[in-house]
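Numbering (this note's numbering), first residue to last: 4 to 288. Below: one structure, written as structure tokens.
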Ligand SMILES: [Zn+2]
């Protein structure tokens with residue numbers, strides 16, 4: 004009798020594992036989707052919780068989204084306040100035996116700026132965290148994940164070099180951005196970011212700060228100011244009217260639109276588009 008029970012128990016435990024051929028990964032927003040997909044490829048189902056084309060700061064999940072997370076094998080979110088809802092869920096998710104990654108903590112990022120995906124050097128650290136988690140959950144496919152990781156890592160390293168070399172040949176160094184998303188990027192590549200609003204796009208811009216931004220634009224003869232696709236361009240437009248600076252897009256890549264996904268755009272191609280506009284704005288020689 005006991006043997007039958009044990010056999011039954013083993014059967015119930017292992018059949019679901021055997022039947023499942025892909026790891027279910029749930030991620031909070033687009034960059035983590037792209038990074039995970041590039042490492043897990045055919046061995047993972049990646050679900051992104053914040054819909055494409057939606058600005059992630061201050062977004063909230065539905066009960067359906069929460070149930071997707073609670074049925075995942077692995078849940079990855081950015082952390083550092085980008086998804087406060089995810090931080091509230093962590094305990095429940097972990098209690099279900101799901102592997103949870105707070106990427107910000109996992110790579111040991113410093114400071115309080117959540118925009119760690121805009122610094123390719125920090126992206127490299129993120130790739131390793133994702134690869135290690137996939138290997139831990141699905142060790143039989145270790146070499147598969149290792150080899151995808153290495154080839155994607157090379158692409159990110161090439162992107163980093165390209166940005167570094169290009170920006171080193173730009174005469175200007177100040178970027179006037181919409182929300183405060185590019186301070187890590189600026190710091191990495193020797194630029195100075197002057198944001199029009201705070202660390203989230205919803206943060207009200209202080210009129211006094213805007214006067215200061217306008218002063219900086221005039222004093223430094225800045226010819227371009229940046230807006231982003233997922234927010235209203237009104238602020239950049241009014242600064243543009245005030246100063247004569249033209250408006251360009253610098254995408255913080257917080258979510259791609261459906262159209263961009265269909266066109267096959269991804270993190271790397273979006274970073275290259277940003278670089279093209281930076282070349283124009285910063286006077287590439
Ligand atoms: Zn942001």
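Quick reminder that beta carbons are idealized off the backbone N, C-alpha and C, glycines included. This structure is a prediction, so every number in the text was calculated from the model and none was measured.
So residue 151 is in the alpha helix (DSSP H); what residue range does that whole segment cover?
Judged by DSSP secondary structure, residue 151 falls within the alpha helix (DSSP H) whose first and last residues are 145 to 171.
Helix, strand or coil: how does DSSP classify residue 47 here?
Residue 47 sits in a strand when the DSSP states are folded into three classes.
Along the chain, where does the beta strand (DSSP E) containing residue 3 start, and where does it finish?
Nothing in the structure corresponds to residue 3, since the chain is present only between 4 and 288.
Buried or exposed, going by whether 16 or more other CB atoms sit within 10 Å of the CB of residue 196?
It counts as buried.
Does DSSP classify residue 305 as helix, strand or coil?
Nothing in the structure corresponds to residue 305, since the chain is present only between 4 and 288.
Starting from residue 223, follow the beta strand (DSSP E) in both directions and report where the run begins and ends.
Looking at the DSSP string, residue 223 is not in any beta strand (DSSP E), and its letter there is neither H nor E.
Per DSSP, residue 230 forms a beta bridge with which residues?
252
Check whether the Cβ of residue 226 lies closer than 7 angstroms to any heavy atom of ligand 1, and answer yes or no.
In this structure, residue 226 has its beta carbon at no less than 7 angstroms from each heavy atom of ligand 1.
For the alpha helix (DSSP H) that residue 200 lies in, which residues bound it at each end?
Note, residue 200: premise wrong, no alpha helix (DSSP H); not H, not E.
If you drop the 5 nearest sequence neighbours on each side, which residues of the same chain put their C-beta closer than 8 angstroms to that of residue 249?
The beta carbon of residue 249 is closer than 8 angstroms to those of 226, 227, 228 and 243 in its chain, skipping five residues each way along the sequence.
Out of 261, 153, 141 and 270, point me to the one whose CA is closest to residue 254's CA.
That would be 270, whose Cα lies nearest to the Cα of residue 254.
Kindly list the residues whose CB is nearer than 6 angstroms to the CB of residue 174, restricted to its own chain and excluding five residues on each side of it in sequence; keep chain order.
286
Whole-angstrom C-beta distance between residue 52 and residue 68, which should lie under 8 angstroms
About 5 angstroms separates the two Cβ atoms, so the contact holds.
Closest by CA to residue 281, which one among 264, 129, 251 and 272?
Answer by Cα proximity: 251.
Please return the same chain residues whose Cβ sits closer than 7 angstroms to the Cβ of residue 93, not counting the five positions on each side in sequence.
103
In the DSSP assignment, what are the bridge partners of residue 180?
198
By alpha-carbon positions, which one of 136, 42, 131 and 259 ends up nearest to residue 76?
136
Jot down the residue ranges of each uninterrupted beta strand (DSSP E) in the segment 70 to 142, minimum 3 residues, whole runs only, in chain order.
77 to 80 and 102 to 105
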